[in-house]
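Residue numbers (this note's numbering): 81 to 385.
Following this line, the structure appears as structure tokens:
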């Protein structure tokens, strides 16, 4: 996620990091090259008595803008839902530890074990959604037996929830929790299961491919044919107008692709590393643990991963 301080409107016009311009710059240069080529072959183009007018492109441009608007809205809805789910994870992590620490204040080692399981769940969820290896991170929070069980599970995050359930059952078995208190804490684990399912639903259910494909093809066909419609009236201004219009459509198309997977590593995706870092800091502060990580900050490019 790009986290920038407030900037003057003129300075923001020249911002590079965080925009999609870096991704589409090659395509824009190709559009400029095509426009220059069309200008060069204009006499031959007119000799063929083939003339494209602006009128059909105006109608098509409105249609493409509507389609892109719907697609971007759908992708942004996925992004918003993903952020709400991770916000709920923050709430449930704090609530589960707060209640457990209050009820089991006489057993700090057990509380510390629960904290490690909670932090492991957050990191496991982050790494699973980003399709990264788990063992290099989870071995800091889990015992070897727990780590082996998690790594050999079809759903590692669900296995960690099961480990938290076993921890909860152990507290009940030794009489530290009554049935009512056990049920109250178990409800928090059910909420974690719902959070896991919500993230999996977004990650494993992309937008319909055919819908994205038709918008993608239409945008590129529009950008390719646009210089032929502009050159008759604009002549040497064709590259400037064509690249500006193409930038609008291509950037919206590219941004929708980024937002479709809000758990990725793109500039405009959710900062899952920072969210896990924040959760770990909060949980360790709640048990007065001095060994807490440093708070993550945006890098020199204002990127927060």
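Every residue gets a Cβ at the ideal spot worked out from N, C-alpha and C, and that includes glycine.
Here the structure is a predicted model, which is why all the values come from computation and not from measurement.
Closest by C-alpha distance to residue 375, out of 354, 104, 383, is 354. By a beta-carbon distance limit of 8 angstroms, residue 310 contacts residue 322. Their separation comes to about 6 angstroms. Setting aside the 5 residues that flank it on each side, residue 384 is surrounded in the same chain by 81, 83, 351, 354, 378, each with a C-beta closer than 6 angstroms to its C-beta; the list follows chain order. DSSP places residue 325 in the helix class (H, G or I) of the three-state scheme.
For the set 361, 188, 225, 349, the Cα lying nearest the Cα of residue 156 is the one of 349.
When DSSP reads this structure, residue 82 sits in a beta bridge with 383.
For residue 97, the beta-bridge partners assigned by DSSP are 99.
Per DSSP, reduced to three states, the secondary structure at residue 232 is coil, with no helix or strand assignment.
In this structure, residue 199 and residue 363 form a Cβ contact; the two beta carbons are roughly 6 angstroms apart against a cut-off of 8 angstroms. Membership of residue 276 in the alpha helix (DSSP H) is indicated by the continuous run 259 to 284. In this structure, residue 205 and residue 214 do not form a Cβ contact; the two beta carbons are roughly 10 angstroms apart against a cut-off of 8 angstroms. Taking the Cβ atoms as the reference, residue 334 lies roughly 32 angstroms from residue 131, outside the contact range of under 8 angstroms. At a cut-off of 4 residues, the continuous stretches assigned as alpha helix (DSSP H) that sit fully inside the segment 291 to 347 are 318 to 340. Burial state of residue 92 is exposed, judged by a 10 Å Cβ sphere holding fewer than 16 other Cβ atoms. Pairing residue 360 with residue 332, the inter-Cα distance amounts to about 35 angstroms. Between the segment 255 to 271 and the segment 173 to 186 there are three or more inter-stretch CB-CB distances shorter than 8 angstroms, so the stretches are counted as touching.
Sequence-distant partners of residue 163 (beyond 5 residues in either direction) whose C-beta falls short of 7 angstroms from its own C-beta, in its chain, are 350. Every unbroken stretch of the alpha helix (DSSP H) spanning 4 or more residues and falling wholly within the segment 150 to 229 is given here in chain order: 188 to 209, 215 to 218.
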